[in-house]
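Asks:
Number of protein chains: 2
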Amino acid sequence: MAVHVGLHDDNFYTRRCVELARMAIGCTSPNPMVGYVIVKDGKIVGEGFNPKAGQPHAEVFALRDARDLAENATAYVSLERKGVVGIIDPNPIVASKGVDRLRAAGIVVTAGVEEALCKKLNEAYTHQMLTGKTLLALRYSISLNGQVSDHLGEGAIDSGGYYSKLPQEYDAVILSSTYLHDKPSLPTSQEPSAKQPLRIAIARSSNATLEVPGLTTGSEVESKASLVGVETVISDQITVNAILDYCTRPGLCSVLLDYTGNTDDLEELVKESFEQNMLQKIAVEILPLWCGRDDRNARFPLNTEEVSKMKSLQPKIYNQSTILEGHL
Amino acid sequence: MAVHVGLHDDNFYTRRCVELARMAIGCTSPNPMVGYVIVKDGKIVGEGFNPKAGQPHAEVFALRDARDLAENATAYVSLERKGVVGIIDPNPIVASKGVDRLRAAGIVVTAGVEEALCKKLNEAYTHQMLTGKTLLALRYSISLNGQVSDHLGEGAIDSGGYYSKLPQEYDAVILSSTYLHDKPSLPTSQEPSAKQPLRIAIARSSNATLEVPGLTTGSEVESKASLVGVETVISDQITVNAILDYCTRPGLCSVLLDYTGNTDDLEELVKESFEQNMLQKIAVEILPLWCGRDDRNARFPLNTEEVSKMKSLQPKIYNQSTILEGHL
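So the protein lines, in turn, are chains S and R. Residue numbers are given in the UniProt record's numbering: position 149 of the first sequence equals residue 149, and the series is strictly consecutive. Residue numbers are given in the UniProt record's numbering: position 118 of the second sequence equals residue 118, and the series is strictly consecutive.
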């Protein structure tokens with residue numbers, strides 16, 4: 001019987017690792033997403049990924065899957081473990097040690113295959129390991145005539161829509177308290193078995209009411225809040241720095257600032273994150289709309305002469321909206 | 001010898017007609033672009049397109065190309081001529097008469113193949129035939145934070161760039177006079193053998209100087225202008241209506257309002273064209289930039305409560321910019 005030898009190369013198998021890794025999107029934090037593929041005679045004989053923190057690693061699942069076919073096979077992994085390596089783990093406890101150990105044992109190791117793709121897969125994890133900081137991203141929608149808008153594109157909040165998928169990629173979401181007031185429920189990912197991010201609701205003015213679903217408003221809000229799992233933090237200064245500091249405590253790798261609702265709540269946070277270079281990522285939805293001017297200053301708060309160029313801008317189309325994601 | 005029968009269908013050949021027709025983009029106005037394909041035994045044996053007004057039609061070139069292979073072959077055409085027809089010609093002199101004549105002669109005619117594509121090919125021509133009016137489009141660039149900007153994306157003005165290709169699709173372009181003042185030359189398409197559109201420069205304020213390259217400024221501007229082929233039109237009221245009226249005289253099917261330079265010159269025209277529903281099309285460039293606020297009100301002038309939804313929005317990527325074209 002002839003052995004079928006695939007025409008695929010290291011890049012192909014590494015890309016497959018990334019695909020597998022992403023099956024656990026939103027579930028592995030603070031650990032990275034990792035995918036593992038075992039290849040023998042050009043055929044994939046085993047696959048696995050990190051399902052969530054505390055469970056066995058990707059390679060365990062892949063080896064179980066491959067059974068005795070794993071012998072003398074080649075292993076591919078999106079983050080430093082053993083075999084062909086996408087990127088070196090930026091975690092100083094791990095960095096290059098896996099690769100070094102394999103090399104010392106006389107095993108040929110190829111590192112840096114599909115490096116950019118593997119880095120993007122775990123960008124929050126990589127950012128935190130390299131800088132010690134939580135990754136901060138900003139999301140907003142604008143109309144074609146440049147008005148910041150509370151509209152979302154058709155189907156955006158439904159399962160598969162970009163606004164349903166986005167919260168899965170972040171450990172926490174910062175919201176205006178009016179968002180909660182205006183909507184029947186908290187913004188929730190509709191993806192199957194989605195892990196919902198921590199919601200951080202900002203109420204800036206002194207008479208702001210924090211109408212969290214399931215909570216009655218009023219002076220007793222704080223005591224009642226704790227009963228339904230809401231932590232109330234009262235602060236003289238609501239700053240991005242303070243919020244990110246708070247986030248490091250529960251070990252959150254990534255935070256999304258969702259610029260919608262009452263912009264008074266969020267405007268200062270946007271300014272601060274720009275001025276202090278705290279923002280790593282932007283996701284803009286360009287709506288297929290021309291919006292009329294309204295009373296509030298629905299333009300982006302940015303009092304700077306500077307022009308910043310976005311890097312690695314990735315446009316995606318959802319229905320009639322265009323979603324642009326990029327790095328600063 | 002076996003005859004090779006292609007697997008292609010009517011749609012395939014009609015799409016090829018549209019491809020051929022577009023080879024004469026910017027050259028056929030006020031006539032439509034037309035492509036013609038002759039197919040025999042599943043093979044294309046002849047191709048042709050309308051090169052420009054006054055020259056033979058597409059079918060003449062296609063028949064020449066096919067020579068004696070044209071006998072008993074099937075013909076495909078993007079606009080009503082004979083054979084498989086993309087769309088019925090909206091010109092009342094032609095409308096359905098070609099199709100009717102063929103049917104009367106016992107020839108089977110299929111009309112409406114790839115209708116949307118064929119309509120889009122000659123949208124200015126179609127618009128003028130159906131409404132008697134010149135098609136009006138608006139172009140502008142905005143930054144990711146919603147600022148209207150005079151920036152153009154990298155490579156946009158080079159051959160193949162979107163800003164070089166765009167003028168080819170319009171018979172005339174409306175510009176701010178400061179555009180001419182600031183730039184070393186008029187905006188010019190860099191495409192090979194491009195037909196340049198008529199440039200209509202707006203100078204609104206009483207002390208505006210119209211610095212056309214090759215012209216000296218000053219009081220003698222009008223007399224000197226005529227020497228270099230510039231027509232000076234002095235008007236109490238600069239309105240879109242007046243400009244489009246002027247354009248019907250030289251038989252221009254389509255006009256592009258290029259919103260750049262001194263917005264004082266163009267702001268009223270944009271408002272008017274929205275308020276009077278004169279605008280058919282918008283082309284927006286989303287720059288990969290965050291722009292600082294500047295002194296002029298770099299937001300889109302639109303004092304309306306209304307939200308208009310764009311139809312058939314087509315996003316294209318040029319380098320890092322996203323170009324969104326759509327209809328109102």
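Built from N, CA and C at the ideal position, the CB exists for glycine as well.
How long is the line joining the alpha carbons of Y162 (chain S) and S176 (chain R), rounded to whole angstroms?
Replies: The straight-line gap from Cα to Cα measures roughly 39 angstroms.
Asks: Going by C-alpha distance, which of R:I317, R:L324 and R:G326 is nearest S155 (chain R)?
Replies: Inspection of the sequence shows that residue 155 (chain R) is occupied by Gly rather than by Ser. Selected option, being the one with the closest Cα: R:I317.
Asks: I think G153 (chain R) touches E268 (chain R), with their Cβ atoms under 8 angstroms apart; what is that distance to the nearest whole Å?
Replies: The Cβ separation is near 27 angstroms, so there is no contact.
Asks: Whose CA, out of S:N31, S:I25, S:N72 and S:A21, lies closest to the CA of V45 (chain S)?
Replies: Ranking the options by Cα distance to V45 (chain S), first place goes to S:N72.
Asks: Measuring only the C-alpha atoms, how far is V270 (chain R) from N145 (chain R)?
Replies: So the two alpha carbons sit approximately 21 angstroms from each other.
Asks: Grouping DSSP H, G and I as helix and E and B as strand, with all else coil, what is Q190 (chain R)?
Replies: In this structure, Q190 (chain R) counts as coil in the three-state DSSP scheme.
Asks: Taking the C-alpha atoms as reference points, what is the distance between residue 332 (chain R) and T188 (chain R)?
Replies: This structure gives no information on residue 332 (chain R), because the portion of chain R shown stretches from 1 to 328.
Asks: Of all Cβ atoms in chain S, is any one closer than 9 angstroms to the Cβ of N277 (chain R)?
Replies: No - not a single Cβ of chain S is within 9 angstroms of the one on N277 (chain R).
Asks: Check whether the Cβ of V240 (chain R) lies closer than 9 angstroms to any Cβ atom in chain S.
Replies: It does not; no Cβ of chain S falls within 9 angstroms.
Asks: DSSP three-state label for D158 (chain R), please.
Replies: If DSSP states are grouped into helix, strand and coil, D158 (chain R) belongs with coil.
Asks: The alpha helix (DSSP H) with R199 (chain R) in it runs from where to where?
Replies: Not the alpha helix (DSSP H): R199 (chain R) falls in the beta strand (DSSP E), residues L198 to I202.
Asks: Determine the burial state of L121 (chain R): buried for a count of at least 16 other Cβ atoms within 10 Å of its Cβ, exposed for fewer.
Replies: The residue in question, L121 (chain R), is buried, as its Cβ has 16 or more Cβ neighbours within 10 Å.
Asks: Could you tell me the distance, in whole angstroms, from the CA atom of L138 (chain S) to the CA atom of L136 (chain R)?
Replies: Looking at the two C-alpha atoms, the distance is approximately 36 angstroms.
Asks: Is the CB of I157 (chain S) under 9 angstroms away from at least one CB in chain R?
Replies: No, because no Cβ of chain R sits closer than 9 angstroms to the Cβ of I157 (chain S).
Asks: Let me know the secondary structure DSSP gives T178 (chain R) once reduced to three states.
Replies: Correct three-state label for T178 (chain R): helix.
Asks: Looking at the structure shown, is R243 (chain S) part of a helix, part of a strand, or coil, going by DSSP?
Replies: In the sequence as presented, Arg is not what sits at residue 243 (chain S); that position holds Ile. Three-state result, I243 (chain S): helix.
Asks: Residues in the region 307 to 319 of chain R with C-beta within 7 angstroms of chain S's C-beta atoms, listed in sequence order?
Replies: Result list: V307, S308, K309, M310, L313, P315 and I317.
Asks: Cβ closer than 9 angstroms: which chain R residues qualify as neighbours of Q280 (chain S)?
Replies: Chain R residues near Q280 (chain S): none, gap ~14 angstroms exceeds 9 angstroms.
Asks: With 16 as the cutoff for other CB atoms within 10 Å, does D236 (chain R) come out buried or exposed?
Replies: Exposed, since its Cβ has fewer than 16 Cβ neighbours within 10 Å.
Asks: Just checking: is the beta-carbon of L324 (chain R) within a distance shorter than 9 angstroms of some beta-carbon in chain S?
Replies: Yes, L324 (chain R) lies at the interface with chain S (some Cβ there is under 9 angstroms from its Cβ).
Asks: Do R199 (chain S) and the ligand NAD come close, with the Cβ less than 8 angstroms from some heavy atom?
Replies: No copy of the ligand NAD occurs in the structure displayed, which carries no ligand at all.
Asks: Whose C-alpha, out of R:N11, R:N319, R:T28 and R:G26, is nearest the C-alpha of V37 (chain R)?
Replies: Residue R:N11 is the option with its Cα nearest to V37 (chain R).
Asks: Locate the beta strand (DSSP E) running through H327 (chain S), then write down its first and last residues.
Replies: Its beta strand (DSSP E) spans residues S321 to H327.
Asks: Out of R:L266, R:M278 and R:S308, state which residue places its alpha-carbon closest to the alpha-carbon of residue 331 (chain R).
Replies: In the structure as shown, chain R starts at 1 and stops at 328, and residue 331 (chain R) therefore has no counterpart that could be examined.
Asks: Please go through the UniProt domain "CMP/dCMP-type deaminase" (8 to 120) of chain S and give each complete alpha helix (DSSP H) segment of 4 or more residues, from N-terminal end onward.
Replies: Segments of the alpha helix (DSSP H) lying fully in the UniProt domain "CMP/dCMP-type deaminase" (8 to 120) of chain S: 10 to 21, 58 to 66 and 97 to 104.
Asks: Relative to the C-alpha of A62 (chain R), which residue among R:G35, R:Y246 and R:I200 is closest?
Replies: When each option's Cα is compared against that of A62 (chain R), the closest is R:G35.
Asks: Beta-carbon of L256 (chain R) versus every beta-carbon of chain S: anything under 9 angstroms?
Replies: Not one chain S Cβ lies under 9 angstroms of L256 (chain R).
Asks: To which residues of the same chain is D89 (chain R) closer than 6 angstroms at the C-beta, ignoring the five residues directly before and after it?
Replies: Counting only Cβ-Cβ distances below 6 angstroms, and skipping sequence neighbours, we find L79, E80 and A95.
Asks: Check whether the Cβ atoms of P315 (chain S) and L256 (chain S) lie closer than 9 angstroms to each other.
Replies: No. Outside cutoff.
Asks: L289 (chain S) touches chain R at which residues, Cβ-Cβ below 9 angstroms?
Replies: What L289 (chain S) touches in chain R: V307, S308, K309 and M310.
Asks: When you compare the CB positions of Y125 (chain S) and M23 (chain S), do they come within less than 9 angstroms of one another, or not?
Replies: Not in contact: Y125 (chain S) and M23 (chain S) (Cβ atoms no closer than 9 angstroms).
Asks: With a Cβ-Cβ cutoff of 9 angstroms, do E114 (chain R) and T14 (chain R) count as a contact?
Replies: Yes, the Cβ-Cβ distance between E114 (chain R) and T14 (chain R) is below 9 angstroms.
Asks: Short check: CB of T178 (chain R) to CB of S254 (chain R), under 9 angstroms?
Replies: Against a cut-off of 9 angstroms, the Cβ pair of S254 (chain R) and T178 (chain R) comes out as no contact.
Asks: Distance cutoff 9 angstroms, beta carbons only. Does I200 (chain S) sit that close to anything in chain R?
Replies: By this cut-off, I200 (chain S) is not an interface position.
Asks: Just the C-alpha distance for N241 (chain S) and N241 (chain R), rounded to the nearest angstrom, thanks.
Replies: If you take the alpha carbons of N241 (chain S) and N241 (chain R), they lie about 54 angstroms apart.
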